[in-house]
Every structure is written in C-alpha cells, then in structure tokens.
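Here is the structure we will look at.
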Amino acid sequence: ILAEKLHALLQQQKKWPRPRDLYDLWYILCRSGERYAWEELEPLFQEKCRVRDIEPDLSGLISEHLREWNRDAWVGRLGPMLKELPEFERTWREWVEMFRTMVNKPI
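Quick note: the sequence shown uses the numbering used here, first residue 1, plus one each step.
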C-alpha cells in the first residue's frame, strides 16, 4: 500500500492533485506509530514507477510544486471525506520530516 501511495503521490505532479494520497501517507507514517524499512519499500516503489513509466524521483515526493498543489486542494477535495481535517501545513511538515528520516539519505 505504501509503495502504491508513494507512486500515486509522485504521479499527481503530471496529472491532478489528490490530497488523499498525501493524507494517507501522513496518517500511516506519522500517526499510526508504524515504522517501515526504506530498504524493503524502495524496490516496490521503483517497480511501481517503472511499470507506469514514471521517474522515481524522491525529491518529487517533497517538492514545493507538490506542496502547493495539495495545499490548494486540501480543504475542497479532502474536507468532505474526513470528520476532522488536519491543518495542511502541519501535515506537510510532518510528512517531509518523516519521509526524510525514513529514506535516511540526501534528497
């Protein structure tokens, strides 16, 4: 699921913003308390990107462009789905911090 969500988050740079992907990754990685080994997740992510002909650019997963697209769509697209919508900037900061920690290499 994580590899698919990472791929989906990266792919939306070429299509349309889907803040649900960002929310799901944030919730799984930052709120659930679960930890995942990037060494196990990375090959799955790479394969998902290869099959869909998408460059597996890790920096794209925390890019300013992605932040802006998701920020602009956060309330309108995600608000109707959730009882309590977390504040976007806090969610983004926590996502970026967790992703950098998980990957544990310069992005």
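Even glycine gets a Cβ: it sits at the ideal position worked out from N, Cα and C.
- Contact annotation: Trp26 and Met102 have beta-carbon atoms that are not nearer than 9 angstroms.
- The stretch 9-58 is shown to contain whole alpha helix (DSSP H) runs of 4 or more residues at 19-26, 38-51, in chain order.
- When the beta-carbon positions are compared, Gln12 and Trp69 come within less than 9 angstroms of each other.
- In the three-state reduction of the DSSP assignment, Asn104 falls in the coil class, being assigned neither a helical nor a strand state.
- A contact is defined here as three or more CB-CB pairs under 8 angstroms, and the stretch 45-62 fails this definition with respect to the stretch 70-87.
- For the pair of segments examined, the stretch 20-38 was found to touch the stretch 2-10: the number of CB pairs separated by less than 8 angstroms reaches three.
- Annotated three-state conformation of Glu89 is helix, per DSSP.
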